Amino acid sequence: MRKVHISHAKSGDVLAVDLFAANGSVLLSRGVRLTSGYIRSLAQKGVQYIYIDDKQTYDIRPRPLISPTVRQQAVKKVYETMTALIEQKKLLSRVSSLDLGKEYEKVFKDILDYLLKQEDLLINLSDLVISNGYFFHHSVNVATIAGVIGIAKGYRPQQLLDLGIGALLFDIGMTQLPDGLWRKKGFLTEEEKEIVRRHTYLGFELLRRQRNISLFSAHCALQHHERCDGSGYPRALSGDEIHEYARIVAIADVFDALTSARYHRRQYSPHEAAEYLSAAGGILDYDLIKLFLSHIAIYPVATTVLLNTGHVGVVSQVFPGFPLRPIVRVIKNPAGEELKSPYEIDLRKEMNITIVKAV
């Protein structure tokens, strides 16, 4: 398979990865042959990239960090919790009757079980999600990325659970905001931004009332917008004043937000998002950023790339420790013509060949 921008999709292309709706259900299944109507509808729904199958890349398959089943169950739980809070607008005093701690402990344990089985913890999120489903899938992605960082730091099981539960629920305060505000597709006014900033306190108050959620987890909701240089909110904390779990969630939040499809801006590639994080060392925790960057696939498997030779290829294999030097299957010559016999280049060995950009 290979990843292509929706504008490059053609009628007859075969979808290689399931497309998910907001609640985690499959909206369009892999194997479906795309039509001009499907492509137009996906673009209208905010999908910017898709994965397609073709004869040149049929055997290239990203290895997901967690199984599709576990992911769908996690998204479904987040969707059910968040929509119930949004629709019912429960008072904080009534929310204490829920048992989110036990429910989300099970959800994250399932995610954690898969993460701990991985030989190489390389973050390669390849799921396709419509923009309307961003809020719910984003929480699962943030928890998965946070789990990878926690494992890399050598956290104990209970620490991983506290981090994971906090990461799954870090944005729960958004459910207490006016519907029209958090669902808004465009940019926010300054007044609206001030209202949105309240979600950190609202989320903290909601979670700290839970019997089976630790204060460490609740601080992920309170502090995930704090910044190490003191420029964040709600309390303008800096450095170690910010709990480490919240600093981890902040990195995962920014990375997944940048690499996800949004209505108001283009979707960044993992390479671009990694560059952004590298430059944010004074704002986000620099040591945690370095640890995170050592566990992401800068050019994930199935990414279409342009080489400095002018050839176009598809990443077929990535390696820990060599984020910029994957194996690339070359499929087009510099004139843009498809090769009859694609071939692979191991960039770890061909040091004079480099990736210019993802396309």
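As numbered in the UniProt record's numbering, the sequence shown has no gaps in its residue numbers, which increase by one up to the final residue, 359.
Glycine residues also receive a C-beta, built at the ideal position from the N, C-alpha and C atoms.
Just so you know, these numbers come straight off a predicted model, no measurement behind them.
### Task
Could you please give the first and the last residue of the uninterrupted beta strand (DSSP E) stretch that includes GLU338?
Here residue 338 refers to the residue found at position 338 of the sequence shown. Per DSSP, GLU338 belongs to the beta strand (DSSP E) from 338-346.
#### Entry: Coarse secondary structure for THR303, derived from DSSP in three states
As a working note, residue 303 is residue 303 in the sequence shown. In the structure shown, THR303 falls within a strand segment according to DSSP collapsed to helix, strand and coil.
### Message
By the three-class DSSP mapping on this structure, what secondary structure does VAL318 have?
### Response
Sequence index remark: in the sequence shown, residue 318 carries index 318 (1-based). In the three-state DSSP reduction, VAL318 falls in the coil class, being neither helix nor strand.
### DSSP-derived helix/strand/coil call for PRO19
Counted from its first residue, the sequence shown places residue 19 at position 19. Before going further, note that residue 19 is Leu rather than Pro in the sequence given. If DSSP states are grouped into helix, strand and coil, LEU19 belongs with the strands.
### Cβ-Cβ separation, THR57 to residue 374 (assumed contact under 8 Å), whole Å
Shown here, the chain extends from 1 to 359; a query on residue 374 therefore has no answer.
### Query
Once you ignore the five residues that flank SER96 on each side, which residues in its own chain have a CB closer than 8 Å to its CB?
Counting from one through the sequence shown, the residue named residue 96 turns up at place 96. Residue placement at SER96 is poorly supported in this model, since its pLDDT is 48, which falls under 50; the coordinates still yield a value, given next. The answer, listed in chain order, is ARG209, GLN210 and ARG211.
### Task
Measure how close the beta-carbons of VAL17 and TYR51 come, nearest whole angstrom, since I'm counting them as under 8 Å.
Counted from its first residue, the sequence shown places residue 17 at position 17. Counted from its first residue, the sequence shown places residue 51 at position 51. Confirmed, Cβ separation roughly 4 Å.
### Message
Let's see if you can read the secondary structure: which residues bound the beta strand (DSSP E) around LEU27?
### Response
Translated into the one-based positions of the sequence shown, residue 27 becomes position 27. In the DSSP assignment, LEU27 falls within the beta strand (DSSP E) that extends over 26-28.
### Message
Just to confirm, is the Cβ distance from SER269 to ALA358 under 8 Å?
### Response
Here residue 269 is taken as the residue at index 269 of the sequence shown, counted from 1. Here residue 358 is taken as the residue at index 358 of the sequence shown, counted from 1. Their beta carbons are under 8 Å apart, which means SER269 touches ALA358 by this criterion.
### Task
Could you tell me if PHE292 is buried or exposed, where buried requires 16 or more neighbouring beta carbons within 10 angstroms of its beta carbon?
Looking up residue 292 in the sequence shown gives position 292. Within a 10 Å sphere around the beta-carbon of PHE292 sit 16 or more other beta-carbons, which makes this residue buried.
### Query
Sorted by chain position, which residues of the same chain lie with C-beta nearer than 6 Å to PHE170's C-beta, five sequence neighbours on each side aside?
On the sequence shown, residue 170 is found 170 positions in, with the first residue counted as 1. Excluding positions up to five away in sequence, the list reads CYS220, ALA221, HIS224 and VAL249.
#### Entry: Entirely enclosed alpha helix (DSSP H) segments - the stretch 236-302, minimum 4 residues
Contiguous alpha helix (DSSP H) elements confined to the stretch 236-302 occur at 244-258, 270-278 and 286-293, taking only those with 4 or more residues.
### Query
By a C-beta neighbour count over all protein chains shown, 10 Å radius and 16 as the cutoff for buried, is GLN44 buried or exposed?
Working through the sequence shown from its first residue, we reach residue 44 at position 44. The residue in question, GLN44, is exposed, as its Cβ has fewer than 16 Cβ neighbours within 10 Å.
### Message
Considering only DSSP beta bridges, list what VAL70 is partnered with.
### Response
Residue numbering aside, residue 70 sits at position 70 when the sequence shown is read from its first letter. Paired residue(s): none; VAL70 is not in a bridge.
### Task
For ASP195, I'd like the list of residues in its chain whose CB is within less than 8 Å of its CB, leaving aside the five on either flank, ordered along the chain.
The sequence position of residue 195 within the sequence shown is 195, counting from 1. The sequence as given places Ile at residue 195; Asp does not occur at that position. The answer, listed in chain order, is LEU177, PRO178 and LEU181.
#### Entry: CA nearest to the CA of ILE298, picked from THR81, GLU338 and VAL356
One-based indexing of the sequence shown puts residue 298 at position 298. Residue nearest to ILE298 within the set THR81, GLU338 and VAL356 is VAL356 (criterion: CA-CA distance).
### Message
Please report the distance separating the alpha-carbon of ILE86 from that of THR175.
### Response
One-based indexing of the sequence shown puts residue 86 at position 86. One-based indexing of the sequence shown puts residue 175 at position 175. Distance between the alpha carbons of ILE86 and THR175 is about 5 Å.
### Inter-stretch contact (C-beta, 8 Å, three-pair minimum) for the stretch 27-42 and the stretch 57-69
Three or more Cβ pairs closer than 8 Å define a contact, and the stretch 27-42 falls short of that threshold against the stretch 57-69.
### Task
Using only alpha-carbon positions, find the residue among PHE319, MET351 and GLY310 that is nearest to LYS332.
What you label residue 332 is simply residue 332 of the sequence shown in a count that begins at 1. Closest by alpha carbon: GLY310.
### Query
From this set, SER139, LEU27, GLU105 and PHE20, which residue's C-alpha is nearest ALA252's C-alpha?
Sequence index remark: in the sequence shown, residue 252 carries index 252 (1-based). Answer by Cα proximity: SER139.
### Task
Confirm, please, whether the CB-CB distance from ILE123 to ILE151 is below 8 Å.
In the sequence shown, counting from the first residue as 1, residue 151 sits at position 151. In the sequence shown, counting from the first residue as 1, residue 123 sits at position 123. Here ILE151 is not near ILE123, since their CB atoms are 8 Å or more apart.
#### Entry: Sequence-distant residues of the same chain with beta carbon closer than 7 Å to ILE111, five excluded per side
As a first step, residue 111 must be located in the sequence shown, where it is residue number 111. Answer for ILE111: ILE66, VAL70, ALA74, ALA143, THR144, GLY147 and GLY164, listed in chain order.
### Message
Quick check on DSSP: helix, strand or coil for ILE353?
### Response
Here the question's residue 353 lines up with position 353 in the sequence shown. In the structure shown, ILE353 sits in coil (DSSP, three-state: anything other than H, G, I, E or B).
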